[in-house]
Structure formats: C-alpha cells, structure tokens
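Take a look at the structure set out below.
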Amino acid sequence: TQLLEQSPQFLSIQEGENLTVYCNSSSVFSSLQWYRQEPGEGPVLLVTVVTGGEVKKLKRLTFQFGDARKDSSLHITAAQPGDTGLYLCAGAETSGSRLTFGEGTQLTVNP
Amino acid sequence: NAGVMQNPRHLVRRRGQEARLRCSPMKGHSHVYWYRQLPEEGLKFMVYLQKENIIDESGMPKERFSAEFPKEGPSILRIQQVVRGDSAAYFCASSPIALTVFGYTFGSGTRLTVV
Chain D
26 TQLLEQSPQF
36 LSIQEGENLT
46 VYCNSSSVFS
56 SLQWYRQEPG
66 EGPVLLVTVV
76 TGGEVKKLKR
86 LTFQFGDARK
96 DSSLHITAAQ
106 PGDTGLYLCA
116 GAETSGSRLT
126 FGEGTQLTVN
136 P
Chain C
213 NAGVMQNPRH
223 LVRRRGQEAR
233 LRCSPMKGHS
243 HVYWYRQLPE
253 EGLKFMVYLQ
263 KENIIDESGM
273 PKERFSAEFP
283 KEGPSILRIQ
293 QVVRGDSAAY
303 FCASSPIALT
313 VFGYTFGSGT
323 RLTVV
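Residue numbers (this note's numbering), protein chains in the order written: chain D, 26 to 136; chain C, 213 to 327.
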C-alpha cells in the first residue's frame, strides 16, 4: 500500500506571508496532483505534475515534483484570505486506477 | 456543461437502513470512481467502474457495500444495513479516459449521517 504524508497538518498565517506544504512518500508515483477542498464541497484539481523535477506555477502558487517522483511541495507566495482551505496532495499509482491521498493541510489565512 | 453531479447532498439514515448514493459523470466521461472521506481524514479509494463493468473494487468493504454503473443512468453506490461507522462524505469523480495520471473532476459529495 502506497502512503503519502502531508505536513504540516494545520497552518495558520497572516495575510501576505509565504508558506510551503510538503507531501512525502517512500513510493514512486506516475504523477502527483494537488487539490483544494472547501467545506461542504468536493476537491478541485489545482495542478498535476508528471515529470521528476518538474515545476509548475499557477499565479502565486508554485508546485514542484521531486526528482525521484516520490515527493512534492506547494509554495504559496503572499497568501491571501481567499487561499484558506484544505489542500490535498494525491499520487497516481504507476499501475492501477486509484489515487492515494494525503491527509491534507488545513490552511487558514487571517486578514 | 454540468460537472459531476451527486445526489442527494445530504442523507440521514437510521442504523440498519439502506443508503443509495447517485453519481452522474460529466458528459462524455465513461469512467467513474468513488472515494470516501471520514471526518478529519483524507480521501480513500473505494471502487472504479466503467459502463456496466466494475474494474477495481479493492477499496470497498466486502460486506454491505456494492456499486454499479449501468448502461443508462447514474452510477449507484449502495450501502446496506448502515452502521454509525459508515457516516462520512462520499465523493464521486469521473474522467474521459482510464488514466489516473492527469487527475479527476470530483462531485460535491454526499454526506451520509447514520443515526
């Protein structure tokens, strides 16, 4: 069974600060995906990283896939209250049809 | 262009009753996945279906749970004789192809409460 560990579990910061969320595993994944989930809603896909070492930017969000395709990070620059939510990383297995999700990072950005 | 539609959004059942959760995939998507999210936990894979076929049900409890995706109509996740531990949010996702690598579109979920 492949596992993904996310850290930190909770993060409360002030508006304008930077933050990084980590997603680590001992297993190799064919891709790493980041989702954001708001209360009462389903996860919404933010980005997929496929190639080891890949970096993708989405406005103030920067996603990186580790060289060995076992870990990933999400960096948010100048966080805003609208960034508040549950951030989930998910790994796609190299074979099979399932995603393995991390436990999530609950981010709160205070104005 | 409607997204993945799940209903009901909220479902309350007494212990021992049956729960039926419905999922209509996005137009043109023939692959459906069900995940369960327990309170304070991440999402756990349950089952992967294509039209009229169960492809992977390795994440689904062996007893009381079943899933189908008929040729016509939505996918159904059925839980018989519900127990309190079944209380969770159940999410359905769909994709146009079988590859998981590019990510899914999830529905808003059905929140099941067993009393």
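Ideal Cβ positions, reconstructed from N, Cα and C, are used throughout, including at glycine.
Asked                                                                                                                                                                 : Found
Taking D:S51 as the reference, which of D:D92, D:V72 and D:R123 has the closest Cα?                                                                                   : D:D92
Which residue from C:K239, C:L223 and C:G240 puts its Cα closest to that of C:N232?                                                                                   : For the sequence presented, residue 232 of chain C should be read as Arg rather than Asn. For the residues C:K239, C:L223 and C:G240, the minimum Cα distance to C:R232 belongs to C:L223.
With the cut-off set at 8 Å, would you say C:A305 and C:F318 are in Cβ contact?                                                                                       : yes
So with Cβ pairs under 8 Å, would you call D:G127 a contact of chain C?                                                                                               : yes
CB-CB under 7 Å to C:V244, same chain, minus the five flanking residues each way: which ones, in chain order?                                                         : C235, P237, L261, F281, S287, C304 and S306
Cutting at 7 Å between CB atoms, please list the residues of its own chain near D:S32, excluding the five before and the five after it.                               : Y47
So what's C:D268 in DSSP terms, helix, strand or just coil?                                                                                                           : strand
Using a beta-carbon distance below 8 Å, is C:L250 in contact with chain D?                                                                                            : no
Note down, in chain order, every chain C residue with its Cβ under 7 Å from the Cβ of D:V46.                                                                          : Neighbours of D:V46 on chain C: none; closest Cβ ~13 Å, over 7 Å.
If I measure Cβ to Cβ from D:S56 and keep anything under 6 Å in the same chain, skipping five residues before and after, which residues do I get?                     : T73, V75 and A117
CA-CA distance, D:R85 and C:K256?                                                                                                                                     : 29 Å
Which residue's Cα is closest to the Cα of D:A103: D:L28, D:Q39 and D:Q34?                                                                                            : D:Q39
Considering D:E30, what are the terminal residues of the beta strand (DSSP E) in which it resides?                                                                    : E30 to S32
Taking 8 Å as the CB-CB limit, is D:E66 close to chain C?                                                                                                             : yes
Measure the alpha-carbon distance for D:G78 versus D:V53 and round it to whole angstroms.                                                                             : 13 Å
Anything in chain C within Cβ reach of D:T76, meaning under 7 Å, just list it in chain order.                                                                         : Within chain C, no residue comes near D:T76; the closest Cβ sits about 11 Å away, beyond 7 Å.
For D:N49, collect the residues of the same chain with a Cβ closer than 6 Å to its Cβ; drop the 5 residues on either side in sequence, then sort them by chain order. : E30 and D96
State the Cα-Cα distance for the pair C:G271 and D:V80, rounded to the nearest angstrom.                                                                              : 32 Å
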